[in-house]
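Participant:
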Amino acid sequence: MRNHLRNSQARFGLVAISFHWFTALLFLGNIGLGLYMTSLPLGDPNLFPLFQFHKSIGILVFALVLLRLLWRLIDKAPALPQNMPAWEKQAARAAHIGLYAILVAMPLSGWVIVSASPYNIPTLFFGGLQLPHLDIIATSPEKDLWLGRGELTHWLIAWASLAGVFLHGAAALRHHFLLKDDVLRRMLPTKNGTEKDHTC
Numbered sequence: 009m010r011n012h013l014r015n016s017q018a019r020f021g022l023v024a025i026s027f028h029w030f031t032a033l034l035f036l037g038n039i040g041l042g043l044y045m046t047s048l049p050l051g052d053p054n055l056f057p058l059f060q061f062h063k064s065i066g067i068l069v070f071a072l073v074l075l076r077l078l079w080r081l082i083d084k085a086p087a088l089p090q091n092m093p094a095w096e097k098q099a100a101r102a103a104h105i106g107l108y109a110i111l112v113a114m115p116l117s118g119w120v121i122v123s124a125s126p127y128n129i130p131t132l133f134f135g136g137l138q139l140p141h142l143d144i145i146a147t148s149p150e151k152d153l154w155l156g157r158g159e160l161t162h163w164l165i166a167w168a169s170l171a172g173v174f175l176h177g178a179a180a181l182r183h184h185f186l187l188k189d190d191v192l193r194r195m196l197p198t199k200n201g202t203e204k205d206h207t208c
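With the numbering used here applied, the sequence shown covers 9 to 208.
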């Protein structure tokens, strides 16, 4: 059978697969960029373009996550293996909700930071469109408090996301190598655009 754009009962379609891997690549790469940026001295001439790029990637990730959630409402995900214990299915669903929450909260906390920053640096989406700051924060007499909370939240989410991605990947590898089911395979593009149904 052809690997359709939409999900089948056995596996994810190309749209969901593309959303998954592209978002993961951008998100993890942006965390790495963020860690690198924060290691540079304040006077480094590379800071401004790096921060603008970091913010642009964050905005792109936020948009992709919203589109992915919309697509998930339109296109139902394949069912988990029938032989998976109920507790594990519940844990998998909770983990996915947690990862989505992280993907949404991370750019929002970044938006709080740039809105509360005393430097009032504009956010230019890939050097072009200027995106507004949150006016309620930018004009708040408690900007310093917002800035501190935003930076702490951003930092905590970054490390929580790395832990979440590690556990998510470890669970997928466990299913693939130990349980030998199709949980991982169904999120991988197939050779020659073909799809093979597996029963669990």
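Just so it is clear, CB atoms sit at the ideal spot from N, CA and C, and this is done for glycine as well.
Because the structure is a prediction, the values reported are computed rather than measured.
Under 8 Å, do Val69 and Thr31 count as touching if we go by C-beta distance?
Facilitator: For the purposes of this step, residue 69 is taken as the residue at position 61 of the sequence shown. For the purposes of this step, residue 31 is taken as the residue at position 23 of the sequence shown. A contact, by the Cβ cut-off of 8 Å.
Participant: Below 8 Å, can you find three or more Cβ-Cβ pairs linking the stretch 170-190 to the stretch 95-104?
Facilitator: Yes, they touch.
Participant: Please list the terminal residues of the continuous alpha helix (DSSP H) segment that includes Phe70.
Facilitator: Here residue 70 refers to the residue found at position 62 of the sequence shown. Residues Leu55 to Ile82.
Participant: Please classify Trp154: is it buried, with 16 or more other beta-carbons within 10 angstroms of its beta-carbon, or exposed?
Facilitator: In the sequence shown, counting from the first residue as 1, residue 154 sits at position 146. Buried, by the Cβ-count rule.
Participant: Using the DSSP secondary-structure output, state which residues sit across from Phe133 in a beta bridge.
Facilitator: The sequence position of residue 133 within the sequence shown is 125, counting from 1. DSSP lists Leu137 as partners of Phe133.
Participant: Note down, in chain order, each residue of its chain lying with its Cβ closer than 8 Å to the Cβ of Thr207, except the 5 sequence neighbours on either side.
Facilitator: Position 199 of the sequence shown, counted from the first residue, corresponds to residue 207. Its pLDDT being 36, under 50, Thr207 is placed unreliably by the model, and the measurement read from it follows with that caveat. Nothing listed; no residue qualifies.
Participant: Answer with buried or exposed for Val191, where buried requires no fewer than 16 other C-beta atoms within 10 angstroms of its C-beta.
Facilitator: Locating residue 191 in the sequence shown gives position 183, where the first residue counts as 1. With 16 or more Cβ atoms within 10 Å of its Cβ, Val191 is classed as buried.
Participant: Check whether the Cβ atoms of Met114 and Ser64 lie closer than 8 Å to each other.
Facilitator: To locate residue 114, count along the sequence shown from 1; it is residue 106. To locate residue 64, count along the sequence shown from 1; it is residue 56. Result no, Cβ atoms of Met114 and Ser64 do not sit closer than 8 Å.
Participant: Under 8 Å Cβ to Cβ from Pro86, same chain only, skipping five residues before and after it: list those, please.
Facilitator: Start at 1 with the first residue of the sequence shown, and residue 86 comes out as number 78. Cβ neighbours of Pro86 beyond the five flanking positions: Asn15, Ser16, Gln17, Ala18, Arg19, Phe20 and Arg194.
Participant: I'd like to check one pair, Ala146 with Ser123: are the Cβ atoms closer than 8 Å?
Facilitator: Within the sequence shown, residue 123 is the residue found at index 115, counting from 1. Within the sequence shown, residue 146 is the residue found at index 138, counting from 1. It is a contact, given that the beta carbons lie within the stated cut-off.
Participant: When the distance is taken between beta carbons, is Leu111 closer than 8 Å to Ser35?
Facilitator: Residue numbering aside, residue 35 sits at position 27 when the sequence shown is read from its first letter. Residue numbering aside, residue 111 sits at position 103 when the sequence shown is read from its first letter. Checking the displayed sequence, the identity of residue 35 turns out to be Phe instead of Ser. The answer is yes: Cβ separation under 8 Å.
Participant: For the alpha helix (DSSP H) that Thr147 lies in, which residues bound it at each end?
Facilitator: By 1-based counting over the sequence shown, the position of residue 147 is 139. Thr147 -> no alpha helix (DSSP H), and no H or E assigned at all.
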